[in-house]
Amino acid sequence: MTAYQARPVYIADAAVLNAAGEQLLDLHGHAPEAKPLPFDQRHQAHPVKVPRLPGDLFDRKIQRSVEAQGLRLLHCAARLAPALRALELPSERVALTAAIPEVDAPSPCWDAVEAIQREPDRLLPQLFANTPPLHALTLLNSTVMAYVAEALQCNGPMGAYCSQANAGVDALIEAVMQIAENKADAALVVSSSPNLTPALYLRDGDPASGPVRGEGAAALLLTAAPAPGARQMTVRVAGLARGYVADETRAEAVAAQVLAKVLKAERLAPSDVDMLLIAEHDELLAGLLGQPEKRRQSSQGITGDLGASSMLTDIAYALGSPGGGEACRPRYVLAMNRSKGGHFAAVLLATAEMRAEV
Amino acid sequence: MRAREVYVTGYGLVAPTVLDGESLFHRICEKRSCVREHPLFAELGFPNRAAGYIDDLQWQHVQQAFAGDAHSLPRQSLLADFVAQQALRHAGLSPAALRDAASGLFVGANKHCATSHDLEQLAGCLDSHGRLDLDRYLQHQSARQAPFSLRVDQQTFHLAHTLGIRDHISTHSDACAAGTVAIGSAYRAIERGDLDLAICGAVELMANELPYYMFSSLGALCQQSELEPGHQSRPFMRGRSGFVLSEGAALLVLESREHAERRGARPLGRVLGYANFCEAEKMTASSRDGSKYAYCMEAALEDAGLLPHAVQHVNTHGTSTQVNDSCEAHALKHVFERLLDGVTMTANKSALGHSLASSGAIEAVLSLISLREGVLLPTLNYDAADAEFPELRFLSEPVRQSIGVVLSNSFGFGGINSSLVLGRA
Chain A
9 MTAYQARPVY IADAAVLNAA GEQLLDLHGH APEAKPLPFD QRHQAHPVKV
59 PRLPGDLFDR KIQRSVEAQG LRLLHCAARL APALRALELP SERVALTAAI
109 PEVDAPSPCW DAVEAIQREP DRLLPQLFAN TPPLHALTLL NSTVMAYVAE
159 ALQCNGPMGA YCSQANAGVD ALIEAVMQIA ENKADAALVV SSSPNLTPAL
209 YLRDGDPASG PVRGEGAAAL LLTAAPAPGA RQMTVRVAGL ARGYVADETR
259 AEAVAAQVLA KVLKAERLAP SDVDMLLIAE HDELLAGLLG QPEKRRQSSQ
309 GITGDLGASS MLTDIAYALG SPGGGEACRP RYVLAMNRSK GGHFAAVLLA
359 TAEMRAEV
Chain B
757 MRAREVYVTG YGLVAPTVLD GESLFHRICE KRSCVREHPL FAELGFPNRA
807 AGYIDDLQWQ HVQQAFAGDA HSLPRQSLLA DFVAQQALRH AGLSPAALRD
857 AASGLFVGAN KHCATSHDLE QLAGCLDSHG RLDLDRYLQH QSARQAPFSL
907 RVDQQTFHLA HTLGIRDHIS THSDACAAGT VAIGSAYRAI ERGDLDLAIC
957 GAVELMANEL PYYMFSSLGA LCQQSELEPG HQSRPFMRGR SGFVLSEGAA
1007 LLVLESREHA ERRGARPLGR VLGYANFCEA EKMTASSRDG SKYAYCMEAA
1057 LEDAGLLPHA VQHVNTHGTS TQVNDSCEAH ALKHVFERLL DGVTMTANKS
1107 ALGHSLASSG AIEAVLSLIS LREGVLLPTL NYDAADAEFP ELRFLSEPVR
1157 QSIGVVLSNS FGFGGINSSL VLGRA
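One line per chain: the protein sequences are A and B, in this order.
When you line the first sequence up against my numbering, it's residues 9 to 366, in that order.
When you line the second sequence up against my numbering, it's residues 757 to 1181, in that order.
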């Protein structure tokens, strides 16, 4: 479990892409209708169209060679490029962390699979003839990170995490730590959901047993100082905590520890939190936090479960909260989630008005 | 002043031809390569059949050591289990120790690569529109074992559940640097005080046809198929022409000094420093002047609070590709400058081939044995007379020499650079 803060860390900007749209405010709009999965019409999900990457940042071959989940991530990262450039930092002081699901195993091989089906007696020649030569690179998660690093000039510390919901939290914590420990002055945290493919459902079990899934990506730009002019309010990462349970019987105790830890830095009680972001179906977290239901919110209802991208999307949801004027803007936002694998994570955000001298 | 000292108290390892770290160390001391003709590559008629691979006898041993039904687990998890149990025994820890301490698990891994037979099985499950018929696919007995139903983090979860990891688990997908990044991340977590005990390293099984084809089409594999398999990996030699595909696994037990002392553990070495950076230069090559690699090495030394003259030995990434070795050589010259004469170097991939994610963890184990035994490993196939960078002191024979600090490098595709600083206990 982790809970720490040394140098303050601020969120300077955020970008999202999901079924609701590409703007933070879209996360507060109407939920789009889920669509039947093309390979299993009985179940529904929130897919998104593969985005076009900006040609001024990414070579055209990237658009052709990178998988959809990588393209979503790159699309979000690109939208943070102006804010990052405006910081005018040396590239060595810009960290990059990423939560990237495993590049979906069979999808780059679908052509080969179809070719093998046509000529099963020519197994190997069909495999080789129909596997892209750059597959060795494009299959690696680190490749997507490298494209971000190259386009946005991030030469600082890095870390790539795989592959469940916790990966987004691990990437966020690593980025915060790099800034807090003065190893970087800014950090780009990028994340993507897995593609909605049969492989995903093969790995994670029956689609009927889990929440409705979605496709999406989210990225945050973190800084050591509030970004001048970036937004009227500063948003500080006030606390982070994570925990893990291999044994479900400890789940409640670990969740309580994670909650206590994340609130400790600001000496808060759960009732001090103005906005609570937890998945709608998570009764354990809801019970633990004991908050009135009206304070509980989640982006998941509108985007579907975005896996490794869910925590960053929830944070973007909080940043895009329309509220009712500055007076109604939440002072403290707590986002908490847990993965099917047993990870718990909590992020506490504190908002404050920008002072004139900043 | 470091917040907390981090000890290495155990390790486990499986590499081509060997089932533990000491056997690998002695094999390399005897200048015996782990690279052989791969029966699969021969069967498939590949022009170059050299590979480091875990053979059937080794797999039998790994399966027999598993307490449950070995066939119910994917090979990656089985191997991770074997290596983790070995590491815990080596550290004198029972699995219960991980349940009782603030413990974490950090595993480096790349994706699973489908074999042609996996794809054939999948092809048989396409419907008339060319779409996968999930029900038909799942009817296959082995569908759950196929790569498409596996996750890159499945061995992490297997270990976490088996060992009862208490506080944190993560899977690091940093290409060829993943093992080193996993160790570095565990070191940081202990050093900060988040954890007292961690298992860290990597598992990689990629010596099969698809990785061969992919890396071969990139021109990254050794082009000299006429050479004996054991002679193909030739890091830092003029005649090097690419790496040899390999596989393996290594996991280390790291502990805070306090935790190790409290239980009376015998430290095998220390992790003194770590750094990792995005390079953002080029997908398959570093800055030609080595400046980016040098920056990473210097940052790791700075993290350890050391100057270059404190380092006596470097375990290089040394893949045997033209570009990587050249960049690393320039970087080493930049970091050590006039101190080069006093620094010996080794390139373990000369004996092992390149086990990608696992390479950094395997090399960390070999470095720790060098620190403990006072024996420096030779670089196989190395001949100073025909070396491209003769000013770098690679050894062609094992040398008995006491050393205190080793710098171990891993540089991954996509510009993921990482360096570990390891010290004697």
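Just so it is clear, CB atoms sit at the ideal spot from N, CA and C, and this is done for glycine as well.
Less than 8 Å between CB atoms is the rule here; does residue i satisfy it with respect to chain B?
{"i": "residue 157 of chain A", "result": "yes"}
{"i": "residue 352 of chain A", "result": "no"}
{"i": "residue 170 of chain A", "result": "yes"}
{"i": "residue 150 of chain A", "result": "yes"}
{"i": "residue 218 of chain A", "result": "no"}
{"i": "residue 251 of chain A", "result": "yes"}
{"i": "residue 62 of chain A", "result": "no"}
{"i": "residue 84 of chain A", "result": "no"}
{"i": "residue 16 of chain A", "result": "no"}
{"i": "residue 211 of chain A", "result": "yes"}
{"i": "residue 247 of chain A", "result": "no"}
{"i": "residue 346 of chain A", "result": "no"}
{"i": "residue 66 of chain A", "result": "no"}
Give me the Cα-Cα distance between residue i and residue j, rounded to the nearest whole angstrom.
{"i": "residue 1106 of chain B", "j": "residue 1125 of chain B", "result": "18 Å"}
{"i": "residue 135 of chain A", "j": "residue 878 of chain B", "result": "12 Å"}
{"i": "residue 167 of chain A", "j": "residue 105 of chain A", "result": "5 Å"}
{"i": "residue 1158 of chain B", "j": "residue 170 of chain A", "result": "39 Å"}
{"i": "residue 803 of chain B", "j": "residue 1076 of chain B", "result": "19 Å"}
{"i": "residue 876 of chain B", "j": "residue 121 of chain A", "result": "7 Å"}
{"i": "residue 961 of chain B", "j": "residue 261 of chain A", "result": "37 Å"}
{"i": "residue 1160 of chain B", "j": "residue 1017 of chain B", "result": "21 Å"}
{"i": "residue 815 of chain B", "j": "residue 775 of chain B", "result": "10 Å"}
{"i": "residue 156 of chain A", "j": "residue 1100 of chain B", "result": "36 Å"}
{"i": "residue 1082 of chain B", "j": "residue 1175 of chain B", "result": "17 Å"}
{"i": "residue 231 of chain A", "j": "residue 342 of chain A", "result": "20 Å"}
{"i": "residue 939 of chain B", "j": "residue 322 of chain A", "result": "30 Å"}
{"i": "residue 287 of chain A", "j": "residue 219 of chain A", "result": "10 Å"}
{"i": "residue 1146 of chain B", "j": "residue 1180 of chain B", "result": "28 Å"}
{"i": "residue 1167 of chain B", "j": "residue 958 of chain B", "result": "15 Å"}
{"i": "residue 186 of chain A", "j": "residue 937 of chain B", "result": "15 Å"}
{"i": "residue 355 of chain A", "j": "residue 270 of chain A", "result": "7 Å"}
Under 8 Å between C-beta atoms, does residue i make it to chain A?
{"i": "residue 969 of chain B", "result": "yes"}
{"i": "residue 1104 of chain B", "result": "no"}
{"i": "residue 920 of chain B", "result": "yes"}
{"i": "residue 799 of chain B", "result": "no"}
{"i": "residue 964 of chain B", "result": "no"}
{"i": "residue 926 of chain B", "result": "yes"}
{"i": "residue 999 of chain B", "result": "no"}
State buried or exposed for residue i, treating a residue as buried only when at least 16 other CB atoms are found within 10 Å of its CB.
{"i": "residue 63 of chain A", "result": "exposed"}
{"i": "residue 1169 of chain B", "result": "buried"}
{"i": "residue 289 of chain A", "result": "exposed"}
{"i": "residue 813 of chain B", "result": "exposed"}
{"i": "residue 114 of chain A", "result": "Here the model assigns residue 114 of chain A a pLDDT of 49, short of 50, so the residue's position is not dependable and the matter cannot be decided."}
{"i": "residue 947 of chain B", "result": "buried"}
{"i": "residue 998 of chain B", "result": "buried"}
{"i": "residue 87 of chain A", "result": "buried"}
With distances taken Cα to Cα, identify the nearest neighbour of residue i among the options.
{"i": "residue 951 of chain B", "options": "B:1145, B:1177, B:762, B:776", "result": "B:762"}
{"i": "residue 790 of chain B", "options": "B:1180, B:1081, B:989", "result": "B:989"}
{"i": "residue 160 of chain A", "options": "A:249, A:174, A:91, A:224", "result": "A:91"}
{"i": "residue 56 of chain A", "options": "A:66, A:34, A:225", "result": "A:225"}
{"i": "residue 944 of chain B", "options": "B:1030, B:924, B:933, B:1078", "result": "B:1030"}
{"i": "residue 89 of chain A", "options": "A:32, A:73, A:23, A:269", "result": "A:23"}
{"i": "residue 126 of chain A", "options": "B:873, B:880, B:1035, B:874", "result": "B:880"}
{"i": "residue 257 of chain A", "options": "B:928, B:1036, B:1024, B:922", "result": "B:922"}
{"i": "residue 54 of chain A", "options": "A:66, A:328, A:41, A:352", "result": "A:41"}
{"i": "residue 153 of chain A", "options": "B:1007, B:1013, B:1035", "result": "B:1035"}
Which first and last residues belong to the alpha helix (DSSP H) in which residue i is found?
{"i": "residue 1015 of chain B", "result": "1013-1018"}
{"i": "residue 107 of chain A", "result": "Premise fails: residue 107 of chain A lies in the beta strand (DSSP E), 102-107, not in any alpha helix (DSSP H)."}
{"i": "residue 1085 of chain B", "result": "1078-1092"}
{"i": "residue 796 of chain B", "result": "795-799"}
Tell me where the beta strand (DSSP E) around residue i begins and ends.
{"i": "residue 226 of chain A", "result": "224-231"}
{"i": "residue 1167 of chain B", "result": "1161-1168"}
{"i": "residue 345 of chain A", "result": "340-346"}
{"i": "residue 49 of chain A", "result": "48-54"}
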